[in-house]
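Reviewing the structure listed below.
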Amino acid sequence: MACTAGSVKKVADNHVKAADEIKKLEDALKSQNDANKTMFFSEIDSHLASAKITDARQLEYASDMKIEYTSEFSLDKIAAVVVSVLKAAIAANNPTSPTPGMDKEAIEAYTMVVNTVAEAAKSSSQSASSLSFSMSRLCPGMFAFLMAKSTNILDEDTFGSEAVTATSIFYRVMQSIDDIKNQAEWGLTVLDAQNLLNMKVLQLGLTQRLAEGEIDIDTWVELDSKYEGIIQNLKDRLAEHGWEGSLDEKMTFTVLNESMDETITTLDKLRGMSLRHQNICRLIEQRISSKHYLMNI
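Under our numbering, the first residue of the sequence shown is numbered 2, with each subsequent residue one higher.
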């Protein structure tokens with residue numbers, strides 16, 4: 002059963018056509034489940050091979066779906082399901098000790114991983130859409146994988162001027178005994194730092210989505226504000242933990258610069274639009290000039 006945002010459910014409960022359209026969205030995604038699962042497992046195999054992990058075994062696999070308006074960023078229900086699966090898998094495989102990597106801070110950090118993966122699936126930005134797959138080491142020997150796929154419908158007569166998006170979330174928990182032996186220590190800061198990088202890429206991608214007409218200017222303002230709040234929260238957490246740069250600097254620099262290049266290319270298009278679009282251009286230029294999008298805290 003899909004997790005449907007209250008705003009969309011309210012429309013569906015009052016309009017037969019809306020309920021039918023939502024059913025079509027669900028069916029469209031469900032028809033791709035087998036192909037998407039194959040793609041998901043293939044990505045996992047590739048990432049495990051890159052990490053030189055050869056003994057991984059599956060502890061849990063499942064998928065869920067959520068339906069919401071494009072501007073909404075609410076994955077509490079699905080994130081809670083994913084995190085509960087992770088906690089159960091860890092507890093089942095080590096019932097005599099506390100659940101490593103699943104304290105309050107770790108749950109918050111991994112919830113953000115779920116959020117960024119699902120949000121990235123909505124975007125046509127090449128840099129942002131690349132985030133729709135995630136491999137995270139929750140603790141030594143325990144890996145969580147996520148993948149998201151989205152489809153949407155725009156029907157002004159039924160749902161208003163904003164598109165409704167259906168997103169499938171695939172998640173898999175795997176264990177490696179070799180990794181437990183090889184990992185001497187593990188820190189939440191790496192996960193928070195990766196989330197910060199992902200959120201900055203998603204924030205840059207909003208401007209490309211605006212230029213391409215995927216979202217309107219009010220949605221841009223709303224999402225940008227939400228993203229900025231999350232970014233600041235992550236920066237505060239990293240500063241509190243004394244983070245000094247634990248991500249691959251070359252990789253981080255490349256990812257952010259590619260995203261900024263894509264965004265800068267779209268600014269000329271926005272300058273030819275309304276005054277509000279021009280104001281957004283100036284804001285983006287100020288952020289780039291002040292190094293807002295770099296991994297400084």
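For each residue, glycine too, the CB sits at the ideal point set by N, CA and C.
Just so you know, these numbers come straight off a predicted model, no measurement behind them.
Residue i versus the options, residue with shortest Cα-Cα distance
i       : options                               : result
Asp-35  : Val-202, Ala-212 and Ala-63           : Ala-63
Met-1   : Asp-180, Leu-295 and Glu-120          : With the chain covering 2 to 298 only, the question about residue 1 has no answer from this structure.
Gly-214 : Gln-195, Lys-270, Asn-258 and Ile-265 : Lys-270
Leu-205 : Asp-193, Thr-190, Met-113 and Leu-224 : Leu-224
Ala-164 : Thr-152, Tyr-172 and Phe-171          : Thr-152
Asn-199 : Arg-283, Leu-295 and Val-222          : Leu-295
Glu-61  : Ala-167, Thr-266 and Ser-85           : Ser-85
Lys-24  : Lys-53, Thr-166, Ser-43 and His-48    : Thr-166
Ile-216 : Ala-52, Val-83 and Tyr-70             : Tyr-70
Glu-229 : His-293, Lys-38 and Ala-212           : His-293
Asp-28  : Asp-237, Leu-257, Gln-59 and Ile-68   : Ile-68
Leu-268 : Leu-211, Ser-47 and Phe-171           : Leu-211
Phe-42  : Glu-22, Phe-171, Glu-241 and Glu-286  : Phe-171
Arg-238 : Asn-196, Lys-201, Asp-46 and Met-261  : Asn-196
Pro-141 : Ile-54, Val-83 and Lys-201            : Ile-54
Met-261 : His-242, Glu-286 and Gln-33           : Glu-286
Where residue i sits in the DSSP three-state scheme
i       : result
Thr-166 : strand
Leu-268 : helix
Met-274 : coil
Lys-67  : strand
Ser-137 : strand
His-293 : coil
Ala-185 : For Ala-185, the pLDDT reaches just 44, beneath the cut-off of 50, and the residue's location in the model is therefore unreliable, although a value from the coordinates is still provided. Three-state result, Ala-185: coil.
Thr-100 : Unreliable positioning characterises Thr-100 in this predicted model, as indicated by a pLDDT of 46, which lies under 50. The coordinate reading is nonetheless provided below. Here Thr-100 sits in coil by DSSP.
Gln-33  : coil
Lys-53  : coil
Met-252 : Note on Met-252: pLDDT 49, under 50, position unreliable in the model; the coordinate value appears next. Note: Met-252 maps to helix in three-state DSSP.
Cβ-Cβ distance between residue i and residue j below 7 angstroms
i       : j       : result
Gln-209 : Glu-259 : no
Ala-149 : Val-174 : no
Ile-231 : Arg-277 : no
Ile-121 : Ser-133 : For the sequence presented, residue 121 should be read as Ala rather than Ile. It is a contact, given that the beta carbons lie within the stated cut-off.
Met-66  : Ser-169 : yes
Arg-272 : Gln-279 : yes
Leu-147 : Val-118 : yes
Asp-193 : Leu-235 : yes
Val-114 : Ser-137 : yes
Ala-50  : Ser-177 : no
Leu-207 : Trp-221 : yes
Beta-bridge pairing of residue i - partner residues as DSSP gives them
i       : result
Val-174 : Glu-61 and Ala-145
Thr-152 : Ala-167
Can you give, in chain order, each stretch of the alpha helix (DSSP H) that sits fully within the stretch 191-241 and has at least 4 residues?
218-241
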